Structures are given as C-alpha cells and as structure tokens.
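Residue numbers (the numbering used here): 692 to 1302.
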C-alpha cells in the first residue's frame, strides 16, 4: 500500500494540465456580469495542482461569434482521469474476469487497459470524475470571493480566532455560550410535544423532569472536558498562577509583606470583617427584604387583574392578566441593575487585598440577591399558593420579558448611542479643514468614547438565571428551553456586536476554566432536583396514589429526590473532568517538573559542598 501511495503522489506531482488533444467533458456557464477577477480566480482554482488546493483539470473558454459568453469547457488529461478513477473508487474488470477497485499502480492488470486507449473509462465515468473533483474544490486561504467582498466564503469566527483577538477569558465565554445553546436543543425538542399533547397531565411530566435532571448533570460534566481540551490547546490549563499580587484598588498603610518581603499596602483583616458583617451583610438582608416586599405588591396586582377579569370577561381583561407579570419582570431587571452597582461599591469599600477574594465576595452578593429576586415569586406560587396555572404564566412572562430587556439594554441601546456619537464626531471632524490624517483622528476620537467592558460577569449571570428558569420548574413549563435557545442564538450575535462595536477591546486575561460559575451552575442543578421532585409530588395524579397517608407521599418524594441526587453525584464522579490523554500529559509534565526540581536542588547542594 505504501508503494502504491508513493507512485500515485509522484503521478500527481508530474501531471501536466496542458494537453494538445483537449476533450471537453463538462460545460460550466457563469452568471452574466461576473467580474473578470472572479472568473480569473475561479479558473485558476480549477487548473491549479492538487498540492496547491486546485482540481488539476483543464478548462477553456467557449468562443462564439459574439465572443466569450462566460461559458467554459472543462476536461482532463488521460492520466488525470485515471488518478481520479482511483480517488472515486471505480470498480473495473480485471484480466482474470474478476471485478476490483481500480488503482493506478495496478492499471495494467485491468482488461482493455492500454496507455494509448482513451476509451478505457466510459464517458459517464469521466464526467462523474470531473463532477466529483469540481464539487470537492474548496477555497483555502481566501476569506471572500475576489470581486465580491460581501460574499464571505467562511463566515463567522472560530473560538481560536476569538482567543487570538480577545484572549482566553472571553473565548471561553463564547465557547460556553455556544455549547450551552446546543445543549439546550434536546430539552427544547422534547419539551415541544410535552407542551402540545400532555399539558394538564402532570403524571406524564415525571419522565420529562427526570430527563431534565440527568441532562443538567451531563452537560455540566461534559463542559468540564471541553473546557480542559480548549485550555490545554491554548496552554492556559498548564499555566501555574504565580503568587497573587494585591489588586489595584487595594489601599492601606504601606508596610512589608512577611511572605514576599516586598513593600505593599497593609490593611487589618479585622476591620475588613467588621465592614462585611456590620455593614454589607445587613445591607444585603435589607435588599432581600425589599425584594420580597415588591413581590407581595406584585401578587396584589395579580389579584386585582384576576378580579377585573372576572367582572368584565373581555379580551382586554384577558390581556390585563399578563400586565402584572410584565411590570414585575421590568421591576426585577431594574432592581438587579441598581443592586449590582451597590454590591460593587460595597465590595470595593470592604477593601479586599486579592482580586480573587474581591470577585468571590461580589459574585456571592449578586447571586444571592438575583436568585431571590428572580425566583422567589415562582417558589411562592408553587409551594404556598399551589397555583400551577399562575406559575406557568409567571415563568413564561418573566423569562421572555427578561430576555428582551437584556438584549435591548446590553447591546441594542449602547450600539445605537455609539452610532449616534460616531455620526456627530464625523461631522465635527469634517468641519475642521486641517492637514492631519482625518481617518486616524476619527478612529482615535471614536474609540476613546466607547464604553469600557467590565468583564464576563453580567454575561455569565444572564446564562445562570436562564439556566434556573429552564431547570427549576421544567415539569411545569417545558417550552422554557425553546425560548432559551432562540434567545441564545441572538445572544451570540449581540454579544459579538457588543464586543466589536460598542466597547473598547479589553485586555486579555489567561484562564483555565469559567471559575466560580461552574460551581454556581452545579448548585442550581442540585436545587432543581428538589423543586422538580416536590412539584411532581404535588400533582393530583401522584397525590391520588397515597390516599391514606400523606407521610408516605412525603417519604416517597424524599426517597426519589435522594436517589436522583445520588445519581447526579455518581455521574459527576464517573465522568472525568479531563480526557485521559490530557490527564496522562499533565501527569508526565508534573513528573518532569518534579525531576527538574530535584536536579536543581542536587546541583545547588553539590555547589554548596564545593564551596
């Protein structure tokens, strides 16, 4: 086989595309008005050698009385057709009357073959070979069709391209967003028939809820493996973080660090703890209380809308049933954003020394408030009011409204404001008649007014809340995954718009994973086990199975819940975080590092003995 491959490669390299006896096999007609540079590029791709990415065929324009009419005749040399026959796997009859796959190296063993017999391959076979080669012709280095810059050959950017331009942190976010969107598709596909055909039959939702719980575990564990593969390829998985320096916002009396011996600000940890427990914690509790108070106002509005509908029974009153949920969703988004600024101020005021400590305290504050603010009303409806219809309506309204508001506030509004500023700046620059380079001046003045991208915190938070809407109450509203998929498809493009057109490009920050957000998503999946099990246990069908003792129902639900949690933890343990080959490479690298450290220590010891 190696000999055959070598002979075939040599045949390809010496194959000449020029042949005196040109035999047209295929006719190609290009569109009228095709630009000359496009035609030149296209014909060159057909004629180029295989090693350069071409088809290595013959092509000639068809000249008529009216001149060249964008009609081209395509053929191939005899040798090219024979090599193409081997490529497509044609089967021909051998001299011993057996049928075998044609190979160029054993061509003389086939019946009726001769170097000067151009009829060895039928016309149909020759045309099939030409068609196969033309259909498999691919552009290599070109990003767009010459002459038509708007026609992208390979639209979009890969994760590696994003990493090269923005760095690993943002590349991992886009990788997680893309992965999470594809992971939601099975939930969306399964949720549609459940929504359409088994709406009121809660007993049938047991399988759907169980699938949801297993799904949430599998996608998070698989993401760990994908994340390890990406960061290993980028080199950040092996990057060891050096001794963490104080963050830029840390302040205090200048002193000496007892570990490093360097001069740096020193701040009492007791003062920091007093600020956390005497100021920050009470403030967070006060905000949580205010969130619950607003929630009760929302339920008063729901009751008013229900009473209004009962009195009027009109189309307008039916629409009014959704108004309280929409207003509450808008208020939730406003409260989340205001609280975010307050949490950032408090966390900075706490004066954490390390950036990691600052981020952990900020994320904890924001996650606790956002979780209660977004999901408290749903828990109250489900487990206090026991109103599944209202729960379904509120969940759908909160999910869809929050997605629309986030798309508008994060991308569309900043982009519109930026475009408006750019138009004003261009008019101002054009009014100045100077000899300076206006294009450079325009770019500097436009980009200096762009907003500063503060990191992926808000982007991950949005996905975290979306994951909660999908997983916590899946058995009540199966269509949540469908709306999540639709939102994430637009989110990919709106986030790209935001990164490239709205904000200044941030500095790259190497990272090996998505950090504390992995733990946040896993915690949400555990909470979803509890909520779905309780909702299933509250259904009339399940309740009817235990007519005599409600204690048996509670114990059964608790047993199922513990069983599902055990399955989740077993799956998380069984599925390794890193592929086996990466684990072996990491172990080898660790071993080599230890050996190098030992050799260095022995060398230092030997030098000290000589002295």
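Just so it is clear, CB atoms sit at the ideal spot from N, CA and C, and this is done for glycine as well. Here the structure is a predicted model, which is why all the values come from computation and not from measurement.
| Check | Outcome |
| --- | --- |
| What are the start and end residues of each continuous alpha helix (DSSP H) run of 4 or more residues lying completely inside the segment 804–878, in chain order? | 814–826 and 850–857 |
| Is it buried or exposed for residue 725, if we count other Cβ within 10 angstroms and need 16 for buried? | exposed |
| Grouping DSSP H, G and I as helix and E and B as strand, with all else coil, what is residue 799? | helix |
| With a CB to CB cut of under 7 Å and the five nearest residues on each side skipped, what residues in its chain are close to residue 802? | 784, 785 and 786 |
| Which residues share a DSSP beta bridge with residue 785? | 801 |
| Assign residue 1034 to buried or exposed, taking buried as 16 or more other Cβ atoms, counted over all protein chains shown, within 10 Å of its Cβ. | buried |
| On the CB-based measure, 16 or more other CB atoms within 10 Å of its CB, does residue 751 come out buried or exposed? | exposed |
| Name, in chain order, the residues that DSSP records as bridge partners for residue 790. | 784 |
| Inspect the CB distances between the segment 789–806 and the segment 848–861 and report whether three or more fall short of 8 Å. | no |
| Classify residue 1001 as helix, strand or coil using the three-state DSSP reduction. | helix |
| Measure the C-alpha to C-alpha separation of residue 1015 and residue 1180 and round it to an integer number of angstroms. | 28 Å |
| Contact between the segment 1036–1054 and the segment 991–1000 is defined here as three or more beta-carbon pairs at a separation below 8 Å; is this criterion met? | no |
| Determine the DSSP secondary structure at residue 1354, reduced to helix, strand or coil. | The question about residue 1354 has no answer here: the residues shown for the chain are numbered 692 through 1302. |
| Between which two residues does the beta strand (DSSP E) harbouring residue 752 extend? | 749–755 |
| Excluding sequence positions up to five away, which residues of its chain have a Cβ less than 6 Å from the Cβ of residue 791? | 785 |
| Using only the alpha-carbon positions, how far apart do residue 824 and residue 753 sit? | 21 Å |
| If you pair each beta-carbon of the segment 1153–1166 with each one of the segment 1222–1229, do three or more pairs fall below 8 Å? | yes |
| Alpha carbon to alpha carbon, what distance is there between residue 881 and residue 909? | 16 Å |
| If you draw a straight line from the alpha carbon of residue 780 to that of residue 872, how long is it in whole angstroms? | 40 Å |
| From what residue to what residue does the alpha helix (DSSP H) around residue 1055 run? | 1046–1071 |
| Judging by CA-CA distance, which residue of 1154, 1139 and 1169 is the nearest neighbour of residue 1192? | 1139 |
| Here's a check: name, in chain order, each residue in its chain whose Cβ is nearer than 6 Å to the Cβ of residue 859, leaving out the five neighbours to either side. | 925, 927, 1201 and 1202 |
| Can you give me the start and stop residues for the beta strand (DSSP E) that residue 967 sits inside? | No beta strand (DSSP E) contains residue 967, which DSSP labels as neither H nor E. |
| Thinking just about the alpha-carbon of each residue, which of 857, 1096, 723 and 763 is nearest to the one in residue 735? | 763 |
| Determine the closest residue to residue 999 out of 1013, 1293 and 940, with distance taken between C-alpha atoms. | 1013 |
| Label residue 765 either buried or exposed according to how many other C-beta atoms from any shown protein chain fall within 10 Å of its C-beta, with 16 as the threshold for buried. | buried |
| Can you tell me whether residue 1309 is buried or exposed, with buried defined as 16 or more other CB within 10 angstroms of its CB? | Because the chain is modelled from 692 through 1302, residue 1309 falls outside the range shown and cannot be assessed. |
| Can you find the residues in the same chain that come closer than 7 Å, C-beta to C-beta, to residue 940, ignoring five residues on each side of it along the sequence? | 1039 |
| Mind checking residue 1245: buried by the 16 CB within 10 Å criterion, or exposed? | exposed |
| Rounded to whole angstroms, what is the Cα-Cα separation between residue 816 and residue 776? | 8 Å |
| Taking residue 1146 as the reference, which of 772, 865 and 788 has the closest Cα? | 865 |
| Rounded to whole angstroms, what is the Cα-Cα separation between residue 810 and residue 821? | 16 Å |
| Quick check on this structure: which residue in 1068, 1141, 1265 and 1186 has the alpha carbon closest to the alpha carbon of residue 1154? | 1186 |
| List the whole-angstrom C-beta distance separating residue 1175 from residue 875, where the pair is believed to meet the contact cut-off of C-beta under 8 Å. | 5 Å |
| How long is the line joining the alpha carbons of residue 1184 and residue 1144, rounded to whole angstroms? | 17 Å |
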